[in-house]
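J.: Residue numbers (the working numbering): -11 to 234.
This is the structure, below, for whatever I ask next.
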Ligand code: HEC
């Protein structure tokens, strides 16, 4: 959760984050599932997923059958001119380290691992993203609702958390398989787990009738500011979920 003062600083055009993969081989595999909303890099026999949380980083290593693989190692973060060496500790199916980072920070990471006796090195980068220069009154009211109702799981920077996926993600962009109707439906009924490994989204508590539209306006404004949503608002005809199993 971000303090209101911090938000207004953010609104003056600060960084949120885009996790941009710099490992070229992975770009050819845009469809690879990120189980926890992170970015995926492939190297040799393995896939590494990397995510930044507020105050921590997370790394998961899987084999080509998407089975978790035990790994150890460290991450080197380049963050605001600082270089941080962080030993990674086992946590759940993956690795984690506490770090003085926020999910909206700009940073680069080199993750050096030992996986089944083999070295694995993968790089990730968080590009600088933009917050909307101005929000419409509707989107601004949506921002407050988002902070109160959604941010605990989807992150105050809409970058996800350990409890829910990022909404600044091509999966949820305008013109994607998750159109406005799907986003409104999630707000009004929750959502069954089907894209990630976070589990189900419960029906959110605390939205009054009609406020779902405000939150949607905020999500769309944030996406647009971050280069997601240049596609047409709605595909003419057809199932908005075509090709995507719910
Ligand atoms: C308790 C945690 C939690 C809260 C609170 C929450 N979500 Fe979610 N949300 C999730 C999880 C987990 C998923 C992933 C489900 C999946 O695997 O696709 C999700 C998925 C979604 C999706 C995709 C739905 C789909 O059908 O694919 C949208 C859109 C969404 N959330 C929006 C919101 C909004 C907007 C709010 C606030 C009004 C909110 N969520 C509150 C946890 C949460």
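Backbone N, C-alpha and C fix where the C-beta goes; we use that ideal spot for every residue, glycine too.
#1: Would you mind giving the Cβ-Cβ distance between residue 42 and residue 67, rounded to the nearest angstrom? I have them listed as a contact below 8 Å.
#2: Measure from the alpha carbon of residue 111 to the alpha carbon of each residue in 189, 133, 29, then state which is nearest.
#3: Got a sec, what are the start and stop residues for the beta strand (DSSP E) residue 41 sits in?
#4: Quick one, which of 196, 181, 195 has its alpha-carbon nearest residue 189's?
#5: Would you tell me roughly how many angstroms separate the C-alpha atoms of residue 128 and residue 22, rounded to the nearest one?
#6: Using 8 Å as the cut-off, can you tell me whether the segment 31 to 42 makes contact with the segment 67 to 79, which would need three or more C-beta pairs spanning the two stretches below that distance?
#7: Less than 6 Å between C-beta atoms, sequence neighbours within five positions excluded: which residues of the same chain meet that for residue 207?
#8: If I measure Cβ to Cβ from residue 91 and keep anything under 7 Å in the same chain, skipping five residues before and after, which residues do I get?
#9: So for residue 174, helix, strand or coil by DSSP?
#10: Residue 151: beta carbon under 7 Å from a heavy atom of ligand 1?
#11: Let's test the definition: count the other Cβ atoms within 10 Å of the Cβ of residue 166 and tell me whether it reaches 16, buried, or not, exposed.
#12: How is residue 162 classed by DSSP in three states: helix, strand or coil?
#13: Under a Cβ-count criterion, where at least 16 other Cβ atoms within 10 Å of its own Cβ denotes burial, should residue 107 be classed as buried or exposed?
#14: In whole angstroms, what separates the C-alpha of residue 46 from that of residue 75?
#15: What alpha helix (DSSP H) runs, 4 residues minimum, are completely inside the segment 106 to 169?
#16: Report back the beta-carbon spacing between residue 153 and residue 210 to the nearest angstrom; my notes put them in contact at under 8 Å.
#17: Report the residue from 99, 95, 52 whose alpha carbon sits nearest the alpha carbon of residue 113.
#18: Can you look up residue 51 in the DSSP assignment and give me helix, strand or coil?
#19: Quick one: Cα of residue 64 to Cα of residue 25, how far?
#20: Under 7 Å from any heavy atom of ligand 1, does the C-beta of residue 28 make it?
#21: Could you check the C-alpha separation between residue 178 and residue 164 for me, to the nearest Å?
#22: Using the Cα positions of residue 12 and residue 198, report the straight-line distance between them to the nearest angstrom.
#23: Have a look at 27, 176, 83 and flag the residue whose alpha-carbon is nearest the alpha-carbon of residue 44.
#24: Under 8 Å by Cβ, that's how I've got residue 137 and residue 194 pegged, so tell me the actual separation to the nearest angstrom.
T.: Put simply:
#1: Start at 1 with the first residue of the chain shown, and residue 42 comes out as number 54. Start at 1 with the first residue of the chain shown, and residue 67 comes out as number 79. With a Cβ gap of about 14 Å, residue 42 and residue 67 do not count as contacting.
#2: Position 123 of the chain shown holds residue 111. From the listed residues 189, 133, 29, the smallest Cα separation to residue 111 is found for 29.
#3: Locating residue 41 in the chain shown gives position 53, where the first residue counts as 1. In the DSSP annotation of this structure, the continuous segment of the beta strand (DSSP E) that includes residue 41 starts and ends at 34 to 41.
#4: Counting from 1 along the chain shown, the entry for residue 189 is found at position 201. The option with the nearest alpha carbon to residue 189 is 181.
#5: Mapped onto the chain shown, residue 128 falls at position 140. Mapped onto the chain shown, residue 22 falls at position 34. Near 30 Å, if we compare the C-alpha coordinates of residue 22 and residue 128.
#6: Short answer: they don't touch.
#7: Here residue 207 refers to the residue found at position 219 when the chain shown is read from its first residue. These residues qualify, in order along the chain: 155.
#8: Here residue 91 refers to the residue found at position 103 of the chain shown. Result list for residue 91: 5, 40, 41, 42, 143, 145, 147, in chain order.
#9: Indexing the chain shown from 1 puts residue 174 at position 186. The three-state secondary structure of residue 174, taken from DSSP, is helix.
#10: If you number the chain shown from 1, residue 151 lands on position 163. Yes; taking the cut-off as 7 Å, the Cβ of residue 151 has a heavy atom of ligand 1 nearer than that.
#11: Within the chain shown, the letter at position 178 stands for residue 166. With 16 or more other Cβ atoms within 10 Å, it is buried.
#12: For the purposes of this step, residue 162 is taken as the residue at position 174 of the chain shown. In this structure, residue 162 counts as coil in the three-state DSSP scheme.
#13: Here residue 107 corresponds to residue number 119 of the chain shown, with the count starting at 1. With fewer than 16 other Cβ atoms inside 10 Å of its own Cβ, residue 107 counts as exposed.
#14: For the purposes of this step, residue 46 is identified with residue 58 of the chain shown, where counting begins at 1. For the purposes of this step, residue 75 is identified with residue 87 of the chain shown, where counting begins at 1. Put simply, the backbone Cα of residue 46 is about 11 Å away from that of residue 75.
#15: When DSSP assignments are scanned along the segment 106 to 169, the uninterrupted stretches of alpha helix (DSSP H) that are 4 or more residues long and fall wholly within it turn out to be 125 to 133, 139 to 142.
#16: Position 165 of the chain shown, counted from the start, is the residue given in the question as residue 153. Position 222 of the chain shown, counted from the start, is the residue given in the question as residue 210. About 14 Å separates the two Cβ atoms, so there is no contact after all.
#17: For this step, residue 113 is matched to residue 125 along the chain shown. Looking at the Cα atoms, 95 is the closest of the given residues.
#18: Taking the chain shown and counting its residues from 1, the one referred to as residue 51 is at position 63. Residue 51: strand per DSSP, three-state reduction.
#19: In the chain shown, counting from the first residue as 1, residue 64 sits at position 76. In the chain shown, counting from the first residue as 1, residue 25 sits at position 37. One Cα belongs to residue 64, the other to residue 25, and the distance between them is close to 21 Å.
#20: Taking the chain shown and counting its residues from 1, one reaches residue 28 at position 40. Residue 28 Cβ: outside cutoff for every heavy atom of ligand 1.
#21: As a working mapping, residue 178 is identified with position 190 in the chain shown. As a working mapping, residue 164 is identified with position 176 in the chain shown. In this structure, the CA atom of residue 178 is about 19 Å from the CA atom of residue 164.
#22: In the chain shown, counting from the first residue as 1, residue 12 sits at position 24. In the chain shown, counting from the first residue as 1, residue 198 sits at position 210. Summary for residue 12: the model assigns pLDDT 36, below 50, so the residue's position carries little reliability; its value from the coordinates is reported in the next sentence. Put simply, the backbone Cα of residue 12 is about 43 Å away from that of residue 198.
#23: The count along the chain shown starts at 1 and reaches residue 44 at position 56. Ranked by how close their Cα comes to the Cα of residue 44, the residues 27, 176, 83 have 83 in first place.
#24: One-based indexing of the chain shown puts residue 137 at position 149. One-based indexing of the chain shown puts residue 194 at position 206. 5 Å between Cβ atoms; contact.
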